[in-house]
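Engineer:
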Amino acid sequence: MRYISTRGTAPVLNFEEAMLTGLARDGGLYVPETIPQMSATEIAALEGLSYEATAYRVMRPFVGDVFTDDEFEDIIGRAYAGFGHAARAPLKQLDQGHFLLELFHGPTLAFKDFAMQLIGQMFQTALGRKGERVTIVGATSGDTGSAAIEAFRGLDNVDVFIMYPHGRISEVQRRQMTTPQESNVHALAMDGDFDACQARLKDMFNDFEFRDGVRLAGVNSINWGRVLAQVVYYFSSAVALGAPHRPISFTVPTGNFGDIFAGYIAKQMGLPIGRLVVATNQNDILHRCLSGHGYHKGETVPSISPSMDIQVSSNFERALFDAYDREAAAVVQLMNELKEGGFDVSQGAMQVLQSHYSSGRVSEAETSATITSELKASGELLCPHSAVGVRVAQAQRETGTPMITLATAHPAKFPDAVEQASGIRPPLPPRMADLYERSERVSRVPDDLEALKGFIRENISA
Ligand SMILES: *Cc1c(COP(=O)(O)O)cnc(C)c1O
46 MRYISTRGTA
56 PVLNFEEAML
66 TGLARDGGLY
76 VPETIPQMSA
86 TEIAALEGLS
96 YEATAYRVMR
106 PFVGDVFTDD
116 EFEDIIGRAY
126 AGFGHAARAP
136 LKQLDQGHFL
146 LELFHGPTLA
156 FKDFAMQLIG
166 QMFQTALGRK
176 GERVTIVGAT
186 SGDTGSAAIE
196 AFRGLDNVDV
206 FIMYPHGRIS
216 EVQRRQMTTP
226 QESNVHALAM
236 DGDFDACQAR
246 LKDMFNDFEF
256 RDGVRLAGVN
266 SINWGRVLAQ
276 VVYYFSSAVA
286 LGAPHRPISF
296 TVPTGNFGDI
306 FAGYIAKQMG
316 LPIGRLVVAT
326 NQNDILHRCL
336 SGHGYHKGET
346 VPSISPSMDI
356 QVSSNFERAL
366 FDAYDREAAA
376 VVQLMNELKE
386 GGFDVSQGAM
396 QVLQSHYSSG
406 RVSEAETSAT
416 ITSELKASGE
426 LLCPHSAVGV
436 RVAQAQRETG
446 TPMITLATAH
456 PAKFPDAVEQ
466 ASGIRPPLPP
476 RMADLYERSE
486 RVSRVPDDLE
496 ALKGFIRENI
506 SA
């Protein structure tokens, strides 16, 4: 299995190289050269399998000969062993034909654990046998960083630096990043918003001297390994509701377009998916774009669903690459226009996008109202991100096709917003109940590339 860049001029890589690299050297994102297919018979055979066994069958063809069968099975087993639910990704019914896929039973209570725990184990196996080490730098709107620190803390072959926007993430998110005491993990509070963190991260990857000097590796949502891990639960949940014998639709609370793009990959592999519905908060660049108004940056406005407070949605480049018939030159042109503020999508590409994706936008008041109304209707206490999804799903459901809304975080990760809407302060699960008492370790850093590079150089262990 070979991986190519959306911008056409970076080297073609195998799975291990694409995973360890993250961002391609031409600024693009890696995608598989061809998408492996699963027949209806193979999909039907997933019924009744454990999450781990499903994960193995869905992901195996993408990995190629990078891991042996046994290695890959072990990696998957270790990745999900620490989850707090036997089903890993359990489905709950909210209403007739509407289901909630709970993706928050991992160690940091958000869906990002599904990908990050797997990546951690894959890095460990790949680097350990080569005796190499890497420096992982990430930018986070809250949940990626905590999931990364949790997945890599104490591992021998990596140093981890996570930049987050100072003052713009929840206390639980912050504490999950600042309380691990292992010396190979560093939480950096940056003076700026998430887009600034993401921009400095891109700058570091485009600085080849620095990139090669510290052996930079990326685990942000653009990392192909992360997208791949997320493909699995589209299969496990759809099969539980009757796929491949009937189509299933999904609504996904969306920020960087990584989670929903995994759904698109599942569909390309052969899973019968009806609609893939993008749900955004007031930071709605994707909804505006999918509604035909072009992709134009606005100001990021802080919301009660902070993990979706994004104006530039990095994985959307992968969707554009396919919508433009995999023409890298067209993607390069669009990304150059984006630097100046935005671009319009061609009519042909728009038709392709709209054939797969629908979208909806939810205001702050509607998000809170949905937390309140869903508690009353089904007894489910939703986190604000999941509430954005449920609200959009209610508006976009079609009779005859079951709708699965992805619940991307546990309500206890965002207790203030949930309490304000519902009057209930959701408690942390017992295994992390002392989070508020643990001591914190964090470095305040400016939104300045040279200063950040200096900090990282000084703090790597080897
Ligand atoms: C990261 C995140 C999202 C957005 O996911 P993308 O893959 O970036 O679209 C939504 N909800 C929560 C809780 C998250 O942590």
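Heads up: the sequence shown runs through residues 46 to 507, numbered per my numbering.
Cβ coordinates follow ideal geometry from the N, Cα and C atoms, glycine included.
Just so you know, these numbers come straight off a predicted model, no measurement behind them.
(1) Which residue comes first and which comes last in the alpha helix (DSSP H) that contains K342?
(2) Is it buried or exposed for Y481, if we count other Cβ within 10 angstroms and need 16 for buried?
(3) Does the beta-carbon distance from I267 to M222 come in below 9 Å?
(4) Return helix, strand or coil for M104, following the three-state DSSP convention.
(5) In whole angstroms, what separates the C-alpha of L427 from that of G199?
(6) What residue does the beta strand (DSSP E) around T180 start on, and which one ends it?
(7) What first and last residue would you give for the beta strand (DSSP E) that runs through R363?
(8) Is E322 near ligand 1, in the sense that its beta carbon is under 8 Å from a heavy atom of that ligand?
(9) Helix, strand or coil, according to DSSP, for D204 in the structure here?
(10) What number of angstroms, rounded off, separates the C-alpha of A394 from the C-alpha of L365?
(11) With C-beta atoms as the reference, is A508 less than 9 Å away from V407?
(12) Please confirm whether A192 and M208 have their CB atoms less than 9 Å apart.
(13) Closest by CA to I305, which one among V264, S350, N360, M314?
(14) What distance in whole Å lies between the Cβ atoms of L139 and E425, which are believed to be in contact at a cut-off of 8 Å?
(15) Quick one: grab the DSSP three-state call for H143.
(16) Less than 8 Å between the CB atoms is what I'm expecting for T354 and F239, so what's the real figure, rounded?
(17) Can you find the residues in the same chain that come closer than 8 Å, C-beta to C-beta, to I469, ignoring five residues on each side of it along the sequence?
(18) Hey, R271 and G319 are a contact pair by Cβ (cut 8 Å); roughly how many whole angstroms apart?
(19) Using 8 Å as the threshold, is the stretch 124-136 in touch with the stretch 80-87, meaning 3 or more CB pairs across them?
(20) Could you tell me which of L383, P347, D236, G127 sits nearest to C334, measuring between CA atoms?
(21) Work out the CA separation of S215 and R486 for me, nearest whole Å.
(22) Could you tell me if F253 is buried or exposed, where buried requires 16 or more neighbouring beta carbons within 10 angstroms of its beta carbon?
(23) With DSSP run on the structure shown, which of helix, strand or coil describes G308?
(24) Applying the criterion that 16 or more other CB atoms from any shown protein chain within 10 Å of the CB defines a buried residue, is G73 buried or exposed?
(25) Could you check if N387 is buried or exposed, using at least 16 other CB atoms within 10 Å of its CB as the buried criterion?
(26) Do P106 and M46 have their C-beta atoms within less than 9 Å of each other?
(27) Between the Cα of N301 and the Cα atoms of Y96, S348, P317, Q243, which residue gives the shortest distance?
(28) At a cut-off of 8 Å, would you count P508 as near ligand 1, judging by its Cβ distance to the nearest heavy atom?
(29) Pick from L497, I449, P471: whose alpha carbon is nearest that of G142?
(30) Terminal residues of the continuous beta strand (DSSP E) containing F519?
(31) Along the chain, where does the alpha helix (DSSP H) containing H332 start, and where does it finish?
(32) Confirm the yes/no value for this check: CB of C428, any heavy atom of ligand 1, distance under 8 Å.
(33) For G67, does the count of other Cβ atoms within 10 angstroms reach 16, so buried, or fall short, so exposed?
(34) Are there any heavy atoms of ligand 1 lying less than 8 Å away from the beta-carbon of A193, as far as the coordinates show?
Structural biologist: In short:
(1) No alpha helix (DSSP H) contains K342, which DSSP labels as neither H nor E.
(2) exposed
(3) no
(4) helix
(5) 32 Å
(6) Counting along the chain, the beta strand (DSSP E) containing T180 begins and ends at 179-184.
(7) Per DSSP, R363 lies in no beta strand (DSSP E) segment; the continuous alpha helix (DSSP H) that holds it begins and ends at 361-368.
(8) In the sequence on display, residue 322 carries Val and not Glu. No - ligand 1 has no heavy atom lying nearer than 8 Å to the Cβ of V322.
(9) strand
(10) 7 Å
(11) This structure cannot settle anything about residue 508, because the visible part of the chain is limited to 46 through 507.
(12) no
(13) N360
(14) Between L139 and E425 the Cβ distance is about 6 Å, and since that is below 8 Å, they are a contact.
(15) Note: H143 maps to strand in three-state DSSP.
(16) A quick correction: the sequence has Asp, not Thr, at residue 354. Contact holds; Cβ gap of about 6 Å.
(17) L420, L426, V463
(18) Not confirmed; about 25 Å, so no contact.
(19) With a cut-off of 8 Å, the stretch 80-87 and the stretch 124-136 do not count as touching, because too few Cβ pairs lie within range.
(20) L383
(21) Straight-line Cα distance between these residues: approximately 16 Å.
(22) F253 is exposed by the Cβ-count criterion.
(23) helix
(24) Sixteen is the threshold: when 16 or more other Cβ atoms of the shown chains lie within 10 Å of the Cβ of G73, as they do, the residue is buried.
(25) In the sequence as displayed, the identity of residue 387 is Gly instead of Asn. Looking at its Cβ environment, which holds 16 or more other Cβ atoms inside 10 Å, G387 is buried.
(26) yes
(27) Out of Y96, S348, P317, Q243, Q243 has the C-alpha closest to the C-alpha of N301.
(28) Here the chain has residues from 46 to 507 only, and residue 508 is not among them.
(29) I449
(30) Outside the displayed range of the chain (46 to 507) lies residue 519, so it cannot be described from this structure.
(31) Counting along the chain, the alpha helix (DSSP H) containing H332 begins and ends at 330-333.
(32) yes
(33) buried
(34) No, ligand 1 has no heavy atom inside 8 Å of this Cβ.
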